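**Student:**
Numbering (the working numbering), first residue to last: 160 to 215.
(1) Short of 8 Å in beta carbon distance, which residues of its chain neighbour residue 198, apart from the five on each side in sequence? Order them along the chain.
(2) Among residues of its own chain, excluding the 5 on either side of residue 195, which ones have a beta-carbon nearer than 8 Å to its beta-carbon?
(3) Where does residue 213 sit, in a helix, a strand or coil, going by DSSP?
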């Protein structure tokens, strides 16, 4: 019983790690600027820079 539980927890950790890596890669590979999506393409440059500074 203990061995079965240890294997299940090990598999859970591997799946969670893999899912985290996949989401991280997808977020960084998708083209586009999140600030431009949030403000629209007609926003002023000062507004874009302010939002970038606020978001980090």
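The beta-carbon is built from N, C-alpha and C at its ideal position, and this holds for glycine as well.
Quick caveat: nothing in here was measured; it's all calculated off a predicted structure.
**Tutor:** Let me spell this out:
(1) On the chain shown, residue 198 is found 39 positions in, with the first residue counted as 1. Answer for residue 198: 206, 207 and 210, listed in chain order.
(2) Looking up residue 195 in the chain shown gives position 36. Take residue 195, set aside five residues on each side of it, and the residues of its chain with a beta-carbon closer than 8 Å to its own are 202 and 207, in chain order.
(3) Your numbering for residue 213 matches position 54 in the chain shown. Look at residue 213 here: in three-state DSSP terms it is helix.
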